[in-house]
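Scroll down for the structure; my scribbles are underneath it.
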């Protein structure tokens, strides 16, 4: 990706967002790619190259806390609806009226709120690994873990508690290669035993445990990722977890009209069948119930669909885009 395609927008809140931008070279629409934890826009390198080469417009921001974008320490700045408006400010700055949204991990939750509050801005939406998540004013983390244990027999999101803790950023930065071997493991099953249960992620990183990384994630990619992540450190990325567990979004979630919880525009769900924390078997029924026009495709991958099966994903997304 060429550095001269990196632009920035200062939002109404005063934060600077850095993003890759290609204007459409044909009459095709613009796509916005929203990454998750612990990533930057670079995770979308294959998609950016593929779709800009096809004439689509592309916006791929570093989200709040990441890469070249502002990274406030204050957890309250990571309210979902505030970050929604940051994205809308990027659209306004570029003069983009309607887009197709593509999101992964935490980006999927941000895209969900964009659809709840600005559905008129979207032609369609694609969710990868993490599906559409409806507003939950009464969300309780401990209750969620209990539900997971009842349904599948383990905590699933137990690692959230560690990432939300104020001690997590420094510990992760100290043992960054250990963290990477857990985040991008060669064996996806590691997540079930060493990431999902409460306390296990912290234990792994405290012990500086390291196992082989996934084949799809090269040493060069790791070093580039590390460079981008260390621009601002891990406090901002971890604040996404901290804000959620602190119920920072409670009032905002309650303010979203019930009728806006259901998504009527065309949606796509890319299911990662070897993802043991974002479970396809639980997400598919939710997408079917809350999205009236959903296309689902299974990928025989871990969490990182866009890295592990980039060509297959690009083809599937292009087919979905053509249907809009």
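Numbering (the UniProt record's numbering), first residue to last: 1 to 324. Glycine is no exception: its CB is placed at the ideal position from the N, C-alpha and C atoms. In this text the structure is predicted, and so the values were computed from the model without any measurement.
- Residue 159 places its beta carbon less than 9 Å from that of residue 200.
- The beta strand (DSSP E) runs lying completely inside the region 79-149 and spanning 3 residues or more are 99-104 and 122-128, given in chain order.
- Counting along the chain, the unbroken beta strand (DSSP E) around residue 269 starts and ends at 267-272.
- Excluding five sequence positions before and after residue 191, the CB atoms of its chain that fall closer than 6 Å to its own CB belong to 276 and 277, given in chain order.
- Inter-residue distance for residue 86 and residue 320 is about 27 Å (C-alpha atoms, whole angstroms).
- Shown here, residue 16 sits in a strand according to DSSP, grouped into three states.
- By the criterion of at least three beta-carbon pairs nearer than 8 Å, the region 304-318 is not in contact with the region 146-154.
- In this structure the region 64-77 lies against the region 15-27, because at least three pairs of beta carbons, one per stretch, are closer than 8 Å.
- Nearest to residue 131 by C-alpha distance, out of 268, 312 and 322, is 268.
- For the 9 Å CB-CB criterion, residue 245 and residue 164 form a contact.
- Using a 10 angstroms sphere on the CB of residue 97, the tally of other CB atoms stays under 16, which defines it as exposed.
- In the DSSP assignment, residue 8 falls within the unbroken beta strand (DSSP E) covering 6-10.
- According to DSSP, residue 22 shares a beta bridge with 58.
- When secondary structure is reduced to three states using DSSP, residue 291 falls in the strand class.
- Contact between residue 90 and residue 9 holds: their C-beta atoms lie close to 5 Å from each other, under 8 Å.
- Beta-bridge partners assigned by DSSP to residue 30: 57 and 99.
- When the beta-carbon positions are compared, residue 197 and residue 252 stay at least 9 Å from each other.
- Taking 8 Å as the upper bound for CB-CB distance, residue 72 and residue 256 are not in contact here, some 24 Å apart.
- Residue 298 is bridged by DSSP to 271.
- Residue 170 sits exposed, since fewer than 16 C-beta atoms from the chains shown fall within 10 Å of its C-beta.
- Residue pairing of residue 263 in beta bridges, as defined by DSSP: 291.
- According to DSSP, residue pairing for residue 322 in a beta bridge does not occur.
- Here residue 230 is exposed. Its C-beta has fewer than 16 other C-beta atoms within 10 Å.
- Judged by pairs of C-beta atoms under 8 Å, the region 45-57 does not touch the region 118-128, as fewer than three such pairs exist.
- Pairing residue 129 with residue 272 gives a Cβ-Cβ distance under 9 Å.
- By the C-beta density criterion, residue 104 is buried, having at least 16 other C-beta atoms within 10 angstroms.
- Residue burial annotation: residue 151 is exposed, with fewer than 16 other C-beta atoms found within 10 angstroms of its C-beta.
- Scanning its chain for C-beta atoms nearer than 7 Å, with the 5 sequence neighbours on each side dropped, one finds around residue 209 the residues 178, in chain order.
- Closest by C-alpha distance to residue 242, out of 59, 115, 48 and 141, is 141.
- Counting only residues of its own chain and dropping the five nearest sequence neighbours on each side, residue 32 has a CB closer than 6 Å to the CB of 59, 99 and 101.
- With a beta-carbon spacing of about 6 Å, residue 248 and residue 76 fall inside the 8 Å limit used to define contacts.
- The Cβ atoms of residue 264 and residue 292 lie closer than 9 Å to each other.
- Between the beta-carbon of residue 266 and that of residue 323 there is about 7 Å, and that keeps the pair under the 8 Å contact cut.
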